[in-house]
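Student: So the sequence shown is numbered by this note's numbering: it starts at 18 and just counts up by one.
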Amino acid sequence: MGLIPKRGMHYRKPALWKRILKWTILSLLVIILSVGIAGFIFVYHTLGKIGIDTEVVYEARQQLDIPLPDEPENILVMGADSDPDGSSKRSDTIMLVRVNPEGECMSSLSIPRDTIVDIPGVGKDQINSAYAIGGAPLAIETVRGLTGQPVHHFIIVDYTGFEKAVDALGGVYVDIDRRYFNDNSDALWGQTYEPIDIYPGYQKLNGKDALAYVRFRHTDSDFVRIARQQLFINDAKAQSMKWGNLTKIPELADVFASNTTSDIGRSDVLSLTKFIMGLSRDRIYQIQAPVNENAGGPAGEYVAIAKQAFSSTIEQFVSPAFEKPEPQVPGAAIAQVPSENTKKLSFEILNGNGVEGAATVAANLLRQKGCTSVEIGGNANNSYVENQIYFREGNQAAADELSTLFKPAVVSPIPPELNTKAQILVAVGTGFEGQLTEKQPEVKAALHFEQDSETNRRSWQAASLKLPFPVQKPASFPAEFDYVDFHNYEIQTDDGPRPALKVVAENEAGNSWGIMETTFTNAPLLEKPTLEREINGKNYRFYYANDKLRYLAWQDGDVVCWISNSLQSSLAEDTMVQLAISFKPVG
């Protein structure tokens, strides 16, 4: 029983899962509530353009695999464009997406377009040549042969549609890591790139600039471009679910239908969209195919798959591991756990491992840590291996803190069937051995830190004079990087312009990370942190992309600051933490 039923010979359309049916109904209700009956009718008929048996779709369907009942489904997504004269089509973006409703997760595998592969009937060539030579059918067959994974559906998005979709959303806020500029003034004949002129910093991109940003490769490799695309997709996904954007559904539907070719029909587009938009960021796993760069050969400059690493990559793609990360805080800066706010909450401890006195021991340990309201509630209804930490609304940060004391632990909201007046409920499992796991191993900074130079101090002071809010700077700085840009500007928001400062640091390899400071405290990027931690009395928000720390943010009064990692994740997690806790006002 697949997520999306396949039409074809010798195939009986399976009944959709109740869960998928529910998503479809919810999608229809949201459209009706947002744009009214007339808008719904327009959307419904517009999406009917998708999945029609055109010659392109019919030929591609012959190569598609039939989904198995109750199993995840793989969708080949390609972004395509053509030469100005329309002479040839190229798949500029190639991504295999695995949709798993049963596991409530999704994973995507990005394949660099210059990867050398065996193209059936052609021989060795760059993978994007498969689409140029044989269209969607050959691209499907090539990706299946490369990955060893079935391909159940395909989606081809024209880049014109990408630009129009971003404009239909009213733009997308993105934290631009560095200056992007190209006007082809120094380009050799036949080697021009798309023009681009974007300054660093958090800003809203329109469709034209967004397309230039995600496709930029004038000075970057394909791997950096893929990382940029993945981050943009995450930002666009989060912002597209804003209620104000739901009223734009008819325009978005028209853009999607007019610029998309796929075997997926109307009703399944609705259910698939609802499923993807409903996923939290920590249930989406993004990974790139590992390659050996600059392999060079008969097909020109290309990259080759790193075969041993690729097997592991496919395993991660098929069975992604979603583990809540634990910030690597330097030993000297470990926050007191539990924090003062957590100590004031009420706790109830249950015995979930059958060991007599286990709940009493756990309760006494919490009391010794300064928790004053701790009750023992008897035996849990079930037996557990991992400690269970349940929280009432508004207390997840406290529950996350306790999870570092009661390892291994699972953190979740208090279910309705558990009758308790406590704000935090702990059921100790067999993993509890009568003591708290309160000490974290000391982590050494991955980079060498040194005090700021006089030149850097003057740059910070000059930047601060142009801003109406107090500016902070790191007291120590990774010696392997240099400041390369101090950009004062205003972020255009729905509530008017907000003053901002973007500082860019870069190493010899060209990897750029940044510091943002602004009064735009409700920036979309800052919503739904992966977790929060109190360090030295200050609350820090951690935002992860897969297992890598992407942003680390904190707020002082009306000013929010964050450190953004490079696209290559050049900064180790503990380096970002050490940077953050060293920030002091610019003197």
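C-beta: ideal position from N, C-alpha, C; glycine also.
For clarity, every value in this text was computed on a predicted model and none was experimentally measured.
(1) Does the distance from the CB of S363 to the CB of S336 come in under 8 angstroms?
(2) Ends of the beta strand (DSSP E) at A522?
(3) Let me confirm a value: D575 is counted as buried when at least 16 other C-beta atoms fall within 10 Å, else exposed. Which label applies?
(4) Count the CB pairs spanning the stretch 394-414 and the stretch 358-372 that are closer than 8 angstroms, and state whether there are at least three.
(5) Going by DSSP, name the residue or residues bridged to Y568.
(6) Should V603 and V488 be called a contact, given that it needs their Cβ atoms to be closer than 8 angstroms?
(7) Between the Cα of A526 and the Cα atoms of R115, F498, Y557, D512, which residue gives the shortest distance?
(8) Go ahead and label G374 buried or exposed: buried means 16 or more other beta carbons lie within 10 angstroms of its beta carbon, across all protein chains shown.
(9) Which residues bound the beta strand (DSSP E) around K360?
(10) Quick one: what's got a C-beta closer than 7 angstroms to D135's C-beta in the same chain, skipping five residues either side?
(11) Assign A496 to one of three DSSP states: helix, strand, or coil.
(12) Closest by CA to A415, which one among F466, T359, Q440?
(13) Run the CB neighbour count on S329, radius 10 Å, all protein chains shown included, and call it buried at 16 or more, exposed below.
(14) Do M123 and I293 count as a contact pair if the criterion is CB distance below 8 angstroms?
(15) Look up V114 in the DSSP assignment and give the residues it is bridged to.
(16) Could one say the Cβ of E551 lies closer than 8 angstroms to chain B's Cβ atoms, at least one of them?
(17) Out of E119, I250, K519, point me to the one whose CA is closest to Y219's CA.
(18) Just to confirm before moving on: does the CB-CB distance between S5 and N524 stay below 8 angstroms?
(19) Helix, strand or coil, according to DSSP, for S481 in the structure here?
(20) Would you mind giving the Cβ-Cβ distance between G531 and A522, rounded to the nearest angstrom? I have them listed as a contact below 8 angstroms.
(21) Just to confirm my understanding: we take R234, look at its own chain, exclude 5 residues before and 5 after, and list those with CB closer than 6 angstroms. What are they?
(22) So, helix, strand or coil for Q256, using DSSP?
(23) At what residues does the beta strand (DSSP E) containing T277 begin and finish?
(24) Identify the residues that DSSP records as bridge partners of L14: which are they?
(25) Can A97 and D175 be called in contact, C-beta distance under 8 angstroms?
(26) Spatial neighbours of P485 within its chain, please: CB distance less than 7 angstroms, with the 5 preceding and 5 following residues excluded, ordered by chain position.
(27) In three-state terms, what does DSSP make of T421?
(28) S420: which of I441, A492, W477 sits nearest, CA to CA?
(29) Exposed or buried, I508, counting other C-beta atoms within 10 Å across all chains shown (16 or more means buried)?
(30) Using DSSP's beta-bridge definition, name the partner residues of N505.
(31) Please look up how many angstroms separate the CB atoms of G446 and E403, rounded, as I've assumed it's under 8 angstroms.
(32) Please report the straight-line C-alpha distance between L422 and P541, rounded to a whole angstrom.
(33) Cα-Cα, which of Y407, G513, A147 is closest to G430?
(34) Less than 8 angstroms between the C-beta atoms of F249 and A229, yes or no?
(35) Which whole runs of the alpha helix (DSSP H) in the stretch 130-177 are 4 residues long or more, in chain order?
(36) Are L155 and G188 close, meaning C-beta to C-beta below 8 angstroms?
Tutor: Result, derived from the coordinates:
(1) Within the sequence shown, residue 363 is the residue found at index 346, counting from 1. Within the sequence shown, residue 336 is the residue found at index 319, counting from 1. No.
(2) Numbered from its first residue, the sequence shown carries residue 522 at position 505. From DSSP, the beta strand (DSSP E) with A522 extends over 513-523.
(3) The residue you call residue 575 lines up with position 558 of the sequence shown. It is exposed - the Cβ of D575 has fewer than 16 other Cβ atoms within 10 Å.
(4) Contact check between the stretch 394-414 and the stretch 358-372: three or more CB pairs, one atom from each, fall below 8 angstroms, which counts as touching.
(5) In the sequence shown, counting from the first residue as 1, residue 568 sits at position 551. Partner(s): Y560, S581.
(6) Here the question's residue 603 lines up with position 586 in the sequence shown. Here the question's residue 488 lines up with position 471 in the sequence shown. Yes, these two residues count as a Cβ contact at 8 angstroms.
(7) In the sequence shown, counting from the first residue as 1, residue 526 sits at position 509. That would be F498, whose Cα lies nearest to the Cα of A526.
(8) Residue mapping note: residue 374 aligns to position 357 of the sequence shown, counting from 1. Exposed is the call here.
(9) In the sequence shown, residue 360 corresponds to position 343, counting from 1. Going by DSSP, K360 is part of no beta strand (DSSP E) but of the alpha helix (DSSP H) stretching over 357-360.
(10) As a working note, residue 135 is residue 118 in the sequence shown. In chain order, K141, G162 place their CB closer than 7 angstroms to the CB of D135, counting only its own chain and leaving out the 5 sequence neighbours on each side.
(11) By one-based count along the sequence shown, residue 496 stands at place 479. In the three-state reduction of the DSSP assignment, A496 falls in the coil class, being assigned neither a helical nor a strand state.
(12) As a position in the sequence shown, residue 415 is number 398, starting the count at 1. Nearest to A415 by alpha-carbon distance, out of F466, T359, Q440, is T359.
(13) For the purposes of this step, residue 329 is taken as the residue at position 312 of the sequence shown. The residue in question, S329, is exposed, as its Cβ has fewer than 16 Cβ neighbours within 10 Å.
(14) Translated into the one-based positions of the sequence shown, residue 293 becomes position 276. Translated into the one-based positions of the sequence shown, residue 123 becomes position 106. Yes, these two residues count as a Cβ contact at 8 angstroms.
(15) Locating residue 114 in the sequence shown gives position 97, counting from the first residue. As a beta-bridge residue in DSSP terms, V114 pairs with I92, S125.
(16) The displayed structure is made up of one protein chain only, and chain B is not part of it.
(17) Counting from one through the sequence shown, the residue named residue 219 turns up at place 202. If we check each option's Cα against that of Y219, K519 comes out closest.
(18) What the structure shows of the chain is the stretch from 18 to 604, and residue 5 is not part of that stretch, so it cannot be assessed.
(19) Taking the first residue of the sequence shown as position 1, residue 481 is located at position 464. In this structure, S481 counts as helix in the three-state DSSP scheme.
(20) Position 514 of the sequence shown, counting from 1, holds the residue named residue 531. Position 505 of the sequence shown, counting from 1, holds the residue named residue 522. The C-beta distance from G531 to A522 rounds to 7 angstroms, short enough to meet the 8 angstroms contact threshold.
(21) Translated into the one-based positions of the sequence shown, residue 234 becomes position 217. Excluding residues within five positions, the ones whose Cβ falls inside 6 angstroms are R242.
(22) To locate residue 256, count along the sequence shown from 1; it is residue 239. Residue state, collapsed to three classes: helix.
(23) The residue you call residue 277 lines up with position 260 of the sequence shown. Annotation for T277: the continuous beta strand (DSSP E) segment containing it runs 277-279.
(24) The requested residue 14 does not occur in the structure, where the chain is confined to residues 18 to 604.
(25) Within the sequence shown, residue 97 is the residue found at index 80, counting from 1. Within the sequence shown, residue 175 is the residue found at index 158, counting from 1. In this structure, D175 lies closer than 8 angstroms to A97 by Cβ.
(26) Here residue 485 corresponds to residue number 468 of the sequence shown, with the count starting at 1. P516, listed in sequence order.
(27) Residue mapping note: residue 421 aligns to position 404 of the sequence shown, counting from 1. Reduced to three states, the DSSP call for T421 is helix.
(28) If you number the sequence shown from 1, residue 420 lands on position 403. Nearest of I441, A492, W477 to S420, Cα basis: I441.
(29) Translated into positions along the sequence shown, residue 508 becomes position 491. Classification for I508: buried.
(30) In the sequence shown, the residue the question calls residue 505 occupies position 488. The beta-bridge partner set that DSSP reports for N505 consists of L518.
(31) Reading the sequence shown from its first residue, position 429 is the one you call residue 446. Reading the sequence shown from its first residue, position 386 is the one you call residue 403. Approximately 5 angstroms separates the beta-carbon atoms of G446 and E403; this is inside 8 angstroms, confirming the contact.
(32) Sequence index remark: in the sequence shown, residue 422 carries index 405 (1-based). Sequence index remark: in the sequence shown, residue 541 carries index 524 (1-based). In this structure, the CA atom of L422 is about 32 angstroms from the CA atom of P541.
(33) As a working note, residue 430 is residue 413 in the sequence shown. The sequence shown places Pro at residue 430, not Gly. Considering only alpha carbons, the answer is Y407.
(34) Within the sequence shown, numbered from 1, the residue matching residue 249 stands at position 232. Within the sequence shown, numbered from 1, the residue matching residue 229 stands at position 212. It is not a contact, given that the beta carbons lie outside the stated cut-off.
(35) Listed in chain order, the complete alpha helix (DSSP H) runs (minimum 4 residues) inside the stretch 130-177 are 145-164.
(36) Counted from its first residue, the sequence shown places residue 155 at position 138. Counted from its first residue, the sequence shown places residue 188 at position 171. No.
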